[in-house]
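K.L.:
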Amino acid sequence: MSTNLTAPNLDELVSPALPVRTPVRRTVLMCKPEFFSVVYRINPWMDPAIPTDTALAVAQWQTLHDTYVGLGFDVHLIEPVDGLPDMVYAANGGFVIDNISYGAAFTYAERQPEGPAYMDWFGANGFDVRVPAEINEGEGDFLLVGDVILAGTGFRSASNSHEEVSAIYGRPVITLNLINPSFYHLDTAIAVLDASPATGNGEIAYLPSAFDEPSLAILRERFPDAIIVAEEDAAILGLNSYSDGYNVVIAARAKGFEAQLRARGFNPIGVDLSELLLGGGGVKCCTLELRR
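Throughout the sequence shown, residue numbering follows my numbering, covering 821 to 1112 in sequence.
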């Protein structure tokens, strides 16, 4: 009696190698939440009846700031303005590519003074400032991915601002329609994980239920390998994250997303911004990328 022994297929025993990811030093603008509070309601996250702790918000923000510094980022600060509690959400202050800063023009009166405050900072720091003609809320709704700008509309930024952005930067703009009021800015529903054209279209993660069907068709076609994030992680603004191409700073409680990122070769870093979540913002909302 003989036994036929077959050597194991080594390819089946070895897990696929994770991609080698290289962090790229980022330059960002932040605003310390010295005047943070929730005194009005302009999104579903905000409830003036729930007390806020400004000191806790500052402490949590400081952890995010220090995380960026530890990663080697060049972190710039804009002075907060008393009476503008949402100014901490710096991503909404503008959109910057090639040293050109496209200013913000906010939908709600409560935030409208933030636009000039940020444009003044851009001008004082050597950026070519473009005053917007159309309603937009900066990098909250504009995300640079690969060679295109993803642009959100539906709740805050007007779709005609997409044409304005395309004309200013000379880049194609892809309009995506947001349909869930809890994800009212694009950066709450999409995380840019690797914006480098070297990876083709770039890499993203997103929440399908935040978009209408035509927008989903665009995302599926352009980013077939995107990470699809679960509702429970998105519900704590887990997608409101910031990446340098390797390190991804995320909401500390977004454990499912954290595991997905590790499986793709990224290094997720959890930060607790639960107090700032009461105003409807997370990691990315507090972070405006300055692309010189």
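Glycine included, C-beta positions come from ideal geometry on N, C-alpha and C.
Comparing C-alpha positions only, which one of GLY1090, ALA929, ALA1083 sits nearest to VAL1068?
P.N.:
With distances taken between Cα atoms, VAL1068 lies closest to GLY1090.
K.L.:
Just grab the DSSP bridge partners of GLU773 for me.
P.N.:
The requested residue 773 does not occur in the structure, where the chain is confined to residues 821 to 1112.
K.L.:
Counting beta carbon pairs with one atom in the region 851–864 and one in the region 893–902, are three or more of them shorter than 8 angstroms?
P.N.:
The answer is yes - the region 851–864 touches the region 893–902, with three or more Cβ pairs under 8 angstroms.
K.L.:
Start and end of the beta strand (DSSP E) containing PHE1077?
P.N.:
No beta strand (DSSP E) holds PHE1077; the alpha helix (DSSP H) holding it covers 1075–1083.
K.L.:
Sorted by chain position, which residues of the same chain lie with C-beta nearer than 6 angstroms to GLY1102's C-beta, five sequence neighbours on each side aside?
P.N.:
Excluding sequence neighbours, GLY1102 sits near LEU1057, ASN1060, ALA1071, LEU1093.
K.L.:
Identify whether TYR1026 lies in helix, strand or coil by the three-state DSSP scheme.
P.N.:
TYR1026 falls in the strand class under three-state DSSP.
K.L.:
Please name the residue in ILE999, LEU998, ILE969, PHE975 whose C-alpha comes closest to that of VAL985.
P.N.:
Ranking the options by Cα distance to VAL985, first place goes to ILE969.
K.L.:
Give a yes or no on contact between the region 909–925 and the region 874–894, applying the rule of three or more CB pairs nearer than 8 angstroms.
P.N.:
Taking 8 angstroms as the limit for Cβ pairs, the verdict is that the region 874–894 does not touch the region 909–925.
K.L.:
Under the DSSP definition of a beta bridge, which residues are partnered with PHE915?
P.N.:
TYR922.
K.L.:
Helix, strand or coil: which one does DSSP assign to MET821?
P.N.:
Bear in mind that the predicted position of MET821 carries a pLDDT of just 43, short of 50, making it unreliable; the figure below should be weighed with that in mind. In this structure, MET821 counts as coil in the three-state DSSP scheme.
K.L.:
Can you name, in chain order, every residue of its own chain whose Cβ lies under 7 angstroms from the Cβ of LEU1081, other than the five neighbours on each side?
P.N.:
Only VAL1068, PRO1088 meet the Cβ criterion.
K.L.:
Do LEU998 and PHE975 have their C-beta atoms closer together than 9 angstroms?
P.N.:
Yes, the Cβ-Cβ distance between LEU998 and PHE975 is below 9 angstroms.
K.L.:
Within 10 angstroms of its Cβ, does GLU1051 collect 16 or more other Cβ (buried), or is it exposed?
P.N.:
It counts as exposed.
K.L.:
Ignoring anything shorter than 3 residues, give me the beta strand (DSSP E) runs that lie fully in the region 987–1012, in order along the chain.
P.N.:
Segments of the beta strand (DSSP E) lying fully in the region 987–1012: 993–997.
K.L.:
Where does LYS1104 sit, in a helix, a strand or coil, going by DSSP?
P.N.:
Reduced to three states, the DSSP call for LYS1104 is helix.
K.L.:
SER1002: which of GLN882, LEU838, ASN863, PRO843 sits nearest, CA to CA?
P.N.:
When only C-alpha atoms are compared, the closest one is ASN863.
K.L.:
For ASP948, does the count of other Cβ atoms within 10 angstroms reach 16, so buried, or fall short, so exposed?
P.N.:
Per the 10 Å Cβ criterion, exposed.
K.L.:
On the criterion of 16 or more Cβ atoms from any shown chain inside 10 Å, does ASN956 qualify as buried, or is it exposed?
P.N.:
Per the 10 Å Cβ criterion, buried.
K.L.:
Helix, strand or coil for ASP790? Go by DSSP, reduced to three states.
P.N.:
Since the first residue shown for the chain is 821 and the last is 1112, residue 790 is missing from the structure and cannot be characterised.
K.L.:
From the DSSP output, in three-state form, read off LEU1057 for me.
P.N.:
The answer is coil: DSSP assigns LEU1057 none of H, G, I, E or B.
K.L.:
Quick one, are the C-beta atoms of TYR1026 and ILE1047 less than 9 angstroms apart?
P.N.:
It is a contact, given that the beta carbons lie within the stated cut-off.
K.L.:
Does DSSP put ILE1070 in a helix, a strand or coil?
P.N.:
Strand.
K.L.:
Below 8 angstroms on the Cβ atoms is my guess for CYS1106 versus ALA910; work out the distance and round it to an integer in Å.
P.N.:
About 6 angstroms; that satisfies the 8 angstroms criterion.
K.L.:
Please state if the CB of ILE1010 and the CB of ILE994 are separated by a distance shorter than 9 angstroms.
P.N.:
Taking 9 angstroms as the Cβ cut-off, ILE994 and ILE1010 do not qualify as a contacting pair.
K.L.:
Nearest to ALA1055 by alpha carbon, out of ALA1079, ALA1030, PRO1034, ARG1040?
P.N.:
Comparing Cα positions, the closest option is ALA1030.
K.L.:
Can the beta-carbon of PHE1043 be found closer than 9 angstroms to that of GLY1022?
P.N.:
Going by C-beta atoms, PHE1043 is nearer than 9 angstroms to GLY1022.
K.L.:
What's the gap between the Cα of ASP918 and the Cα of MET866?
P.N.:
Computed Cα separation, rounded: 34 angstroms.
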